[in-house]
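In numbering that gives the first Met the number 0, the protein residues as written are 0 to 367.
The structure appears right after this line, and notes come after that.
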Amino acid sequence: MKGKAVTLSCESDSYGSDRTTTAWRLNGSDVLPENVQVPLDGQRIFVVDTALSNVGTYTCIVRNSAGESRKNIILNVIGWFRFLNIHFRIDVLVNCCLVTEPPEFVEKQFDQNIRVISGSPLSLACLVKGSPFPLIEWRKDGMTITDNVFSFFHSTYNQPLFCSQALSFSDNGQRLTIDSNGMTQHRFTCLVSNKAGSIARNFFVQSVIPPTIKDAGDRTIVEVTESQNAVLQCPVVGDVDITWRRQGRTIEDSDGVFTVDETRLVLMNVQKSHEDIFTCIAKNSAGEAARDFEVVVLVAPRVIGSLVEDVEVVEGRELTLDCDHHASPEASASWTKDGELLPQTAQVRKKQYPVLYSLSKSARRLCV
0 MKGKAVTLSC
10 ESDSYGSDRT
20 TTAWRLNGSD
30 VLPENVQVPL
40 DGQRIFVVDT
50 ALSNVGTYTC
60 IVRNSAGESR
70 KNIILNVIGW
80 FRFLNIHFRI
90 DVLVNCCLVT
100 EPPEFVEKQF
110 DQNIRVISGS
120 PLSLACLVKG
130 SPFPLIEWRK
140 DGMTITDNVF
150 SFFHSTYNQP
160 LFCSQALSFS
170 DNGQRLTIDS
180 NGMTQHRFTC
190 LVSNKAGSIA
200 RNFFVQSVIP
210 PTIKDAGDRT
220 IVEVTESQNA
230 VLQCPVVGDV
240 DITWRRQGRT
250 IEDSDGVFTV
260 DETRLVLMNV
270 QKSHEDIFTC
280 IAKNSAGEAA
290 RDFEVVVLVA
300 PRVIGSLVED
310 VEVVEGRELT
320 LDCDHHASPE
330 ASASWTKDGE
340 LLPQTAQVRK
350 KQYPVLYSLS
360 KSARRLCV
C-alpha cells in the first residue's frame with residue numbers, strides 16, 4: 000500500500016569459493032529512487048514509504064567469474080500490496096506489487112459561495128490528482144450535466160420558464176464554464192472517482208441582477224401643494240439597497256420631515272423650503288442605478304397686508320393702489336371697481352399690479 004515499506008529479494012546459489020556480486024537496476028537505470036535502500040550483501044532491497052516514483056521493473060544482476068544471472072521484479076501501482084506467485088525460469092523471478100492513489104483536490108482552499116453578475120460567464124474548477132487519473136462528473140441541483148447546452152426550469156412571476164445555457168468543459172473535465180444568464184440560485188457539484196475512492200465538492204452559486212429603475216437617468220417633476228404630503232416612488236427592480244439623497248447628501252431618519260419606506264420617500268407637510276432635487280440610488284454588488292426627482296411646491300395666492308383697506312384721496316388727484324401678493328407659480332391679478340371691470344382711464348401695471356386711476360368719487364375696489 001502507498002506509504003508502506005516493501006522488500007524485494009534476490010537470493011542466489013553459489014558453489015565453491017568463487018565470490019559473487021549483486022547489482023540492482025530500475026527500468027534499466029543504475030540510479031534508484033532515494034527511498035530505496037540496498038544492504039551490503041545486495042541480495043535484497045528495501046523500498047521505504049512506497050510512492051509512484053517506485054513503479055517499474057527492478058532487475059537483480061548476480062555475477063561471478065563464470066558469468067551472470069538476472070532476475071526481474073515488476074512493481075505496479077494499485078494501492079495495496081498483493082504478492083503473486085514467484086516464477087523461476089532459469090534466472091527470472093517475477094513478483095507483482097500493485098498500488099493505487101485515491102482522488103485528491105489540488106486546491107485545498109476554495110470559494111464555496113459564489114456570486115456572479117447575471118449574463119456573465121461562470122467558471123467553476125475542480126482540479127484533482129490521483130492514480131489512475133480520476134473521472135469527473137458535474138451536476139447542477141443534482142442533475143448530471145452532459146450536453147454542451149444545459150436546459151433547466153425556473154420560475155418568474157409564478158410562471159415556469161424554460162432556459163437553455165451554453166456550457167463547455169476543459170482540462171479533462173476539471174473546469175466547467177457556463178452562461179449565467181437566467182440563473183438564480185443553484186448548487187453545482189463535481190464528483191471525482193477512481194478505483195481507489197471518490198470525493199465531491201459543492202459550489203453554491205447566486206446570480207446577481209444589476210438594479211434597474213424605470214426611466215433611470217431622467218428627472219421626474221413632482222408638484223405638491225404647500226402643507227400637503229409628497230410621495231416619491233422609486234420604481235426599482237432587483238435585490239438592492241436603496242439610498243435617498245438631497246443635493247448629494249444622504250437623507251437619514253433624523254432629518255425629521257422625511258420618512259423612508261423602502262422604495263418610497265415621504266415628505267411631510269411640504270413647505271417652499273423643500274423645493275429641491277431628490278435622488279433615488281439603487282445599488283447591489285452587480286452595479287447601481289439612479290433617478291432624480293425635482294420637487295416643486297405650489298403655493299396658493301396670498302395677498303400681503305390687510306384684505307380690506309380704506310383709502311382717501313382728493314377728488315381729481317391721481318390714486319395708486321397696490322395689490323402685493325405671494326404665489327407659486329406666479330399668479331395673475333385682475334381689478335374691479337364696484338364689482339365691474341375698471342374703466343379705460345385706469346392703468347394697470349404688471350410688477351406689483353398697482354393701478355393708477357383718477358377718481359371723481361369714492362368707490363370700492365377689489366384686487367382679484
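No residue lacks a Cβ here, since even glycine has one placed at the ideal position from N, Cα and C.
Query raised in the report: Taking W243 as the reference, which of G237, S226, R263, D309 has the closest Cα?
Result: Within the sequence shown, the letter at position 244 stands for residue 243. The candidate whose alpha carbon is nearest that of W243 is R263.
Requested in this report: Can you grab the Cα-Cα spacing for the pair E103 / C59, in whole Å?
Outcome: If you number the sequence shown from 1, residue 103 lands on position 104. If you number the sequence shown from 1, residue 59 lands on position 60. C-alpha separation (whole angstroms): 35 Å.
Query raised in the report: Considering only the beta carbon of each residue, do T19 and G41 sit closer than 7 Å?
Result: Locating residue 19 in the sequence shown gives position 20, where the first residue counts as 1. Locating residue 41 in the sequence shown gives position 42, where the first residue counts as 1. The answer is no: Cβ separation not under 7 Å.
Query raised in the report: What does DSSP give as the partner residues of G286 in its beta bridges?
Result: Your numbering for residue 286 matches position 287 in the sequence shown. Its beta-bridge partners are N283.
Requested in this report: Could you check the C-alpha separation between S8 and P133 for me, to the nearest Å?
Outcome: Numbered from its first residue, the sequence shown carries residue 8 at position 9. Numbered from its first residue, the sequence shown carries residue 133 at position 134. Roughly 33 Å separates the two Cα atoms.
Report task. Tell me whether A281 is buried or exposed, calling it buried when 16 or more other Cβ atoms sit within 10 Å of its Cβ. Result -> As a working note, residue 281 is residue 282 in the sequence shown. It is buried - the Cβ of A281 has at least 16 other Cβ atoms within 10 Å.
Report task. Provide the residue span of the beta strand (DSSP E) that contains R200, from first to last. Result -> Residue numbering aside, residue 200 sits at position 201 when the sequence shown is read from its first letter. It spans 196 to 207 - the beta strand (DSSP E) in which R200 sits, taken as one unbroken run.
Query raised in the report: Relative to the alpha-carbon of V37, which residue among V5, D140, T219 has its alpha-carbon at the smallest distance?
Result: Residue mapping note: residue 37 aligns to position 38 of the sequence shown, counting from 1. Looking at the Cα atoms, V5 is the closest of the given residues.
Query - Extent of the continuous beta strand (DSSP E) to which G129 belongs - result: For the purposes of this step, residue 129 is taken as the residue at position 130 of the sequence shown. 127 to 130 is the span of the beta strand (DSSP E), which, as asked, contains G129.
Query - Three-state class that DSSP yields for N53 in the structure shown - result: By 1-based counting over the sequence shown, the position of residue 53 is 54. In the structure shown, N53 sits in a helix (DSSP, three-state: H, G or I).
**Report entry** Nonlocal neighbours in the same chain, by C-beta distance under 7 Å from S192, ignoring five residues either side
**Finding:** Within the sequence shown, numbered from 1, the residue matching residue 192 stands at position 193. Excluding residues within five positions, the ones whose Cβ falls inside 7 Å are P102, P133, L134.
Query raised in the report: Who are F292's beta bridge partners in DSSP?
Result: Against the sequence shown, residue 292 aligns to sequence position 293. Note: F292 sits in a beta bridge opposite T219, F277.
Query raised in the report: Just how far apart, CA to CA, sit I208 and K139?
Result: Here residue 208 refers to the residue found at position 209 when the sequence shown is read from its first residue. Here residue 139 refers to the residue found at position 140 when the sequence shown is read from its first residue. Each residue's Cα considered, the two are about 20 Å apart.
Report task. Would you be able to state if there are at least three C-beta pairs under 8 Å between the segment 226 to 236 and the segment 305 to 319? Result -> With a cut-off of 8 Å, the segment 226 to 236 and the segment 305 to 319 do not count as touching, because too few Cβ pairs lie within range.
**Report entry** Expected contact under 8 Å - CB spacing of E225 and Q270 to nearest Å
**Finding:** Within the sequence shown, the letter at position 226 stands for residue 225. Within the sequence shown, the letter at position 271 stands for residue 270. Sure, about 6 Å apart at Cβ, within 8 Å.
Query raised in the report: Between L51 and S122, what straight-line distance do the alpha-carbon atoms span, to the nearest angstrom?
Result: Position 52 of the sequence shown holds residue 51. Position 123 of the sequence shown holds residue 122. Those two C-alpha atoms are separated by around 32 Å.
Report task. Decide if P210 is buried, meaning its Cβ has at least 16 other Cβ atoms within 10 Å, or exposed. Result -> Locating residue 210 in the sequence shown gives position 211, counting from the first residue. It is buried - the Cβ of P210 has at least 16 other Cβ atoms within 10 Å.
Query raised in the report: Can the beta-carbon of R186 be found closer than 7 Å to that of N171?
Result: On the sequence shown, position 187 is the one that residue 186 refers to. On the sequence shown, position 172 is the one that residue 171 refers to. No. Outside cutoff.
Query - Three-state secondary structure (DSSP) of K336 - result: For the purposes of this step, residue 336 is taken as residue 337 along the sequence shown, with counting starting at 1. The answer is strand: DSSP assigns K336 an E or B state.
Query raised in the report: Alpha carbon to alpha carbon, how far is V61 from N71?
Result: As a first step, residue 61 must be located in the sequence shown, where it is residue number 62. As a first step, residue 71 must be located in the sequence shown, where it is residue number 72. Roughly 12 Å between the two C-alpha positions.
Query raised in the report: Straight-line CA distance for N304 to D323?
Result: As a working mapping, residue 304 is identified with position 305 in the sequence shown. As a working mapping, residue 323 is identified with position 324 in the sequence shown. The question names Asn, but residue 304 in the sequence shown is Gly. In a straight line, the C-alpha of G304 is about 8 Å away from that of D323.
Query raised in the report: Looking at S206 and M182, is the spacing between their C-beta atoms short of 7 Å?
Result: As a first step, residue 182 must be located in the sequence shown, where it is residue number 183. As a first step, residue 206 must be located in the sequence shown, where it is residue number 207. Closer than 7 Å, so yes.
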